[in-house]
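*Asks:* Chains as they are written, first to last, in the working numbering: chain W, 645 to 859; chain G, 645 to 859.
Every residue, glycine too, gets a C-beta built ideally from N, C-alpha and C.
Please read these numbers as outputs of a predicted model, since none were measured by experiment.
Below are the C-alpha cells for one structure; questions will follow.
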DNA sequence: GTCTATAAACCGATAGAC
DNA sequence: GTCTATCGGTTTATAGAC
C-alpha cells in the first residue's frame, strides 16, 4: 500500500470517528506513519484535498457494498430487509461507530465549505441514481416514482444511522427498513399489470408474508 | 433576555451552522456579547455543559414545532405531508442551513463524547415517543407497529435533512415524505376494522386520493 | 520523496483584578 | 457578576535540509 493510499485510508477512518473538524492533519499523518511534509507533498491542497479524496473513495465503496446486497437479493423487498438488517449487525459489531461517515462530514461542511459540500452532493446524487436503477429493475412504473422511492431508501438509511448510533440500538434501522418494505409493496403494487394485493417480486421467489417481525 | 439565555441561544445557533467541534467558546462569547469569564461563571463545565443545555432546549423546541404541525392536521397522512413540505420551505428559505442541528452534533459526539451522546439519545427517545403517540392517535393497531412507524418518521426526516442540505434541493424531503405517506396508508389499512383499500383517517375528512403529486 | 522545525492563529480553560 | 490576560496545547500550513 503506497504512502498516498495509506494517508487516504487513515484519513477516512479518522474522519469517520471524529468528524472533519475533529481531526487534525498531524493526527492523520502520525496514525499513517507519514511525516507531515509528505502529506503536503501528495496533497498540496491540504486538509480539504485529502478529505475530498477520502470522501470520493469511501462514497464509491459504500455504493458498491449496497449494490452488491441488492443485486444478490431475489427481489427488492428482501434486498431492503437484508440491507438494513446487515447494516444493523455491522454497526453493533463496531460498537456503534461504523455507519456512514460521509453523512457526518456532509453535515459539517454543508454550510461552511463549498468545495467539500459539492463533493458530498456528487456522492449522494450517484447513490440516488444507483438506488433508482435498483427500484426500476424491480418493475416500478414510471421513472419519477422510481427515483422518488430510491431517494427514500437512501434518506431512510442515513437517518436510521443517526438514531441507531446515538441510541446505540439497532431498533431505528430495523423500524425504518420495515417501513420502507411497506412502502415498496405499495409502490410496486401500483405498477401497471400488478394486482392490488401486496407484490414486489421482480425476478424470483414467492410473495413473502411481509408483516414479519424483527427476527 | 438574560446573559445566560443569550449564551445558550447563540451557542445553539453557532453549533447549528458549524458543528460542535467547529465552534470555539471564544466565538460563542463574542457573538453573544459576553466576556469569556462570564461564560465559565454560568457554565463551570465549559463547552460540554453549554452544549448540553443548548441541545436540550433545541430538542424541546423542535418537538413542540413538529407536534404542533401534526396536531393541527386533519389526519396522519396530511400531517406527514405538511411536516415534510414545510420543512423543505423553511430549509430553502434559510439557504439550506437551518434543518436539524441536533443530528449534526449527534453524529459528531456519537463516538467521542459519552455525556453529550447521552443527551442526544434522550432527545431522540422523546421524539420517538411523541411520534408514536401521534401514530397511535391515528388508529394504528398495536403499540409495537405504532412505535415502529413513529421511528420511521423521525429517521426519514433526519435522513432527508442530510441529503437536502448537501444537494441544496427540496427533493429528498418531498420524496421521503411521499414514501412515508405510502407506508402510513399501508400501516393504517392493516388495522382491525379497516377496509383493505388505502385508508388513513383518524378523526376527520373523506379518504384522500393518496397518490397525489408534489404540489 | 522524506523528514524536521517553525510560524501564526486558534483552542479550552484558568487566575485574578475589579 | 464582569472582564482581561494568559497558560499550555492544538490547528493549518510553510520553509528548507537531506
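Compute the Euclidean distance between the alpha carbons of residue 789(G) and residue 831(G), then round it to the nearest angstrom.
*Replies:* The alpha-carbon atoms of residue 789(G) and residue 831(G) are separated by roughly 8 Å.
*Asks:* For residue 752(G), which option in 660(W), 828(W), 646(W) has the closest C-alpha, if you only look at C-alpha atoms?
*Replies:* Closest option to residue 752(G), Cα to Cα, is 660(W).
*Asks:* If you measure from the beta carbon of residue 795(W) to each beta carbon in chain G, is any gap under 8 Å?
*Replies:* With 8 Å as the cut-off, residue 795(W) counts as an interface residue toward chain G.
*Asks:* Under 8 Å, with one C-beta from each stretch per pair, do the stretch 715-727 of chain W and the stretch 664-677 of chain W reach the 3-pair mark?
*Replies:* Too few Cβ pairs lie closer than 8 Å, so no.
*Asks:* So residue 713(G) contacts chain W; which residues on that side make the cut at Cβ distance below 9 Å?
*Replies:* Per Cβ cutoff of 9 Å: no residues; residue 713(G) is ~18 Å from chain W at best.
*Asks:* So, with DSSP's three-state summary, where would you put residue 818(G)?
*Replies:* Helix.
*Asks:* How would you list, in chain order, the residues of chain G whose beta-carbon sits under 8 Å from the beta-carbon of residue 809(W)?
*Replies:* Simply 750, 751, 754, 755.
*Asks:* Using a Cβ cut-off of 8 Å (strictly closer), state whether residue 792(W) contacts chain G.
*Replies:* Residue 792(W) counts as touching chain G.
*Asks:* Determine the extent of the alpha helix (DSSP H) in which residue 702(W) is found, giving its start and end residues.
*Replies:* Segment 690-715, the alpha helix (DSSP H) holding residue 702(W).
*Asks:* Would residue 659(G) count as contacting chain W if we go by Cβ distances under 8 Å?
*Replies:* Chain W contact via Cβ: absent.
*Asks:* What residue does the alpha helix (DSSP H) around residue 813(G) start on, and which one ends it?
*Replies:* Here residue 813(G) belongs to no alpha helix (DSSP H), and DSSP marks it neither H nor E.
*Asks:* Name the chain G residues that come within less than 7 Å of residue 728(W), Cβ to Cβ?
*Replies:* In chain order: nothing, as chain G lies at least about 10 Å away.
*Asks:* Measure from the alpha carbon of residue 804(W) to the alpha carbon of each residue in 728(W), 736(W), 655(W), 706(W), then state which is nearest.
*Replies:* Checking every option, the nearest Cα to that of residue 804(W) belongs to 728(W).
*Asks:* By Cβ distance, which residues of its chain are closer than 8 Å to residue 780(G), with the 5 residues on each side in sequence left out?
*Replies:* Within the same chain, residue 780(G) has close Cβ partners 787, 790.
*Asks:* Between residue 814(W) and chain G, is the shortest Cβ-Cβ distance under 8 Å, so that the two count as touching?
*Replies:* No, residue 814(W) lies away from the interface with chain G (no Cβ there is under 8 Å from its Cβ).
*Asks:* Does the beta carbon of residue 741(G) come closer than 8 Å to any beta carbon on chain W?
*Replies:* Yes, residue 741(G) lies at the interface with chain W (some Cβ there is under 8 Å from its Cβ).
*Asks:* Taking a contact to mean a Cβ-Cβ separation below 8 Å, would you say residue 768(G) touches residue 807(W) in this structure?
*Replies:* A contact, by the Cβ cut-off of 8 Å.
*Asks:* Please name the residue in 699(W), 721(W), 692(W), 679(W) whose C-alpha comes closest to that of residue 824(W).
*Replies:* It is 721(W).
*Asks:* On the DSSP letters alone, give me the boundaries of the alpha helix (DSSP H) that residue 687(G) sits inside.
*Replies:* No alpha helix (DSSP H) holds residue 687(G); DSSP gives it neither H nor E.
*Asks:* What is the DSSP secondary structure of residue 665(W), reduced to helix, strand or coil?
*Replies:* Residue 665(W) falls in the coil class under three-state DSSP.
*Asks:* Go ahead and pull the three-state DSSP assignment for residue 678(W).
*Replies:* Note: residue 678(W) maps to coil in three-state DSSP.
*Asks:* Using a beta-carbon distance below 8 Å, is residue 831(W) in contact with chain G?
*Replies:* Yes, because at least one Cβ of chain G sits closer than 8 Å to the Cβ of residue 831(W).
*Asks:* Of all the options 822(G), 809(G), 724(G), which has the alpha carbon lying nearest to the alpha carbon of residue 765(W)?
*Replies:* It is 809(G).
*Asks:* Under a Cβ-count criterion, where at least 16 other Cβ atoms within 10 Å of its own Cβ denotes burial, should residue 708(G) be classed as buried or exposed?
*Replies:* Exposed.
*Asks:* The stretch 671-697 of chain G: which residues have C-beta closer than 7 Å to a C-beta of chain W, in chain order?
*Replies:* Flagged: no residues at all.
*Asks:* Please decide whether residue 804(G) counts as near chain W, where near means a Cβ-Cβ distance under 8 Å.
*Replies:* So yes, residue 804(G) belongs to the interface.
*Asks:* Less than 8 Å between the beta carbons of residue 696(W) and residue 656(W), yes or no?
*Replies:* Result no, Cβ atoms of residue 696(W) and residue 656(W) do not sit closer than 8 Å.
*Asks:* Note down, in chain order, each residue of its chain lying with its Cβ closer than 6 Å to the Cβ of residue 731(W), except the 5 sequence neighbours on either side.
*Replies:* Within the same chain, residue 731(W) has close Cβ partners 817.
*Asks:* Just the C-alpha distance for residue 812(W) and residue 706(G), rounded to the nearest angstrom, thanks.
*Replies:* Each residue's Cα considered, the two are about 22 Å apart.
*Asks:* Exposed or buried, what is residue 702(W) when buried is set at 16 or more other beta-carbons lying within 10 Å of its beta-carbon?
*Replies:* Label assigned to residue 702(W): buried.
*Asks:* Cβ atoms of residue 754(W) and residue 664(G): under 8 Å apart, would you say?
*Replies:* In this structure, residue 754(W) does not lie closer than 8 Å to residue 664(G) by Cβ.
*Asks:* Residue ranges of each alpha helix (DSSP H) run of no fewer than 4 residues wholly in the stretch 750-794 of chain G, ordered along the chain?
*Replies:* Counting whole runs of 4 or more residues, the stretch 750-794 of chain G contains the alpha helix (DSSP H) stretches 758-781.
*Asks:* Just to confirm my understanding: we take residue 774(W), look at its own chain, exclude 5 residues before and 5 after, and list those with CB closer than 7 Å. What are they?
*Replies:* Around residue 774(W): 707, 711.
*Asks:* Apart from the five residues just before and just after residue 819(W), which ones in its own chain have a Cβ nearer than 8 Å to its Cβ?
*Replies:* The residues are 804.
*Asks:* Does DSSP put residue 727(G) in a helix, a strand or coil?
*Replies:* Correct three-state label for residue 727(G): helix.
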